[in-house]
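Beneath this line is the structure, given in structure tokens, with notes to follow.
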Amino acid sequence: MGKNLVSLSIVLYCTKELDIQNILKSIKTFENKINIFIIDNSPTKDLQNFFINESCITYIHNPSNPGFGASHNIAFRRVCNDGTKYHFVVNPDALFSEYVVNSMVSYLDEHNDIGMMMPQILNFDGTVQYLPKLLPNPFSIVLRKLKKPTFIYKRFIDKYELRNIDKDMIYEAPILSGCFTAFRISAIKEIGLYDDRFFMYFEDWDLSRRMNEKYKTIYYPRVSIHHGYESGANKSKKLFKIFVKSYIYYFTKWGWIFDSNRVKVNNRTLNQFL
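Each residue of the sequence shown is one higher than the last, beginning at 1 in the UniProt record's numbering.
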């Protein structure tokens, strides 16, 4: 990777030391130059001490805590005009390596029609997280949360989360997770940054959908990372309220019931597998 070709951003908020150590472990696998932005939304700068000896890291204290997407936008704005070609958005609980980044960059170099892509995401026990999805309707979200009635849920979730697709197949999915995502900067400059009206939740789905309208959004299971998946909205009343607010905003923006493009995109996605 050449100078300024690739950058990466991670947003922190009172992040656990174990996750910080995993970030540092991942960073130490890189032999080539990569610009890393640590956006720390914590009230204090206590976490800065973990990164003080890492020359590749730009630490930005951002105690106003404007949200996940708005914080990553800080990094996007810095790299959009400095020669960076690809930018990775990474969760603090992800464990990855330079090999993963290099493989994804090589694939992006070979396919100029891709604007956004993600690798296979594994739990720390090695099981797969089913994160690529079809475009949701409002009932998809409710059914996914309730998981009942069981016989309807099983049939729904297999289709919605594309669970029965060959695990080694590279394919296009209109919804990609923001836990580890590569973006082509020229595509981001065309479609726009994260919508910062989402404080948290759904901002990655919204950006995926906008990207999918003009570029391919690709699931790339040739490489994998580990990610400590945890649904905070299921455990915290505060986070659940944020989830509901983002849910309402997402479907108000894209359409609750009448969304003809949703049907067309989902059919096109499923037709890949015929």
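Ideal placement from N, C-alpha and C gives every residue a C-beta, glycine not left out.
Among the options, the one whose alpha carbon lies nearest that of residue i
i: D166; options: K189, Y220 and I152; result: Y220
i: I34; options: Q21, I52, T58 and L12; result: T58
i: P63; options: Y153, Y13 and S7; result: Y13
i: R184; options: N41, L108 and N73; result: L108
i: residue 302; options: I152, F180 and K147; result: The structure shown has nothing for residue 302, since the chain only spans 1 to 274.
i: F251; options: M169, N81, A173 and I141; result: I141
i: N81; options: N65, Y153, S186 and I39; result: S186
i: I60; options: I10, P92 and D19; result: I10
i: M118; options: A173, K148 and L146; result: A173
i: I248; options: P138, G83 and N261; result: P138
Boundaries (first-last residue) of the alpha helix (DSSP H) holding residue i
i: G69; result: F68 to V79
i: F240; result: K237 to W254
i: M104; result: E98 to E110
i: R210; result: E203 to N212
Contact belief for residue i with residue j at Cβ below 8 Å, rounded distance in angstroms
i: L122; j: H226; result: 5 Å
i: N266; j: L135; result: 6 Å
i: D158; j: G69; result: With 8 Å as the limit, D158 and G69 do not qualify as a contact, their Cβ atoms being about 29 Å apart.
i: V89; j: G228; result: Contact doesn't hold; Cβ gap of about 16 Å is too wide.
Contact check, residue i vs residue j, beta carbons under 7 Å
i: V100; j: H87; result: no
i: D113; j: K216; result: yes
i: Y171; j: Q272; result: yes
i: M200; j: M116; result: no
Beta-ladder partner(s) of residue i, from DSSP
i: R184; result: Y86
i: S9; result: F37 and V89
i: Y59; result: I38
Bounding residues of the beta strand (DSSP E) (the contiguous stretch that carries residue i)
i: D19; result: That residue, D19, is in no beta strand (DSSP E); its alpha helix (DSSP H) goes E17 to I27.
i: T217; result: K216 to H227
i: I121; result: I114 to L122
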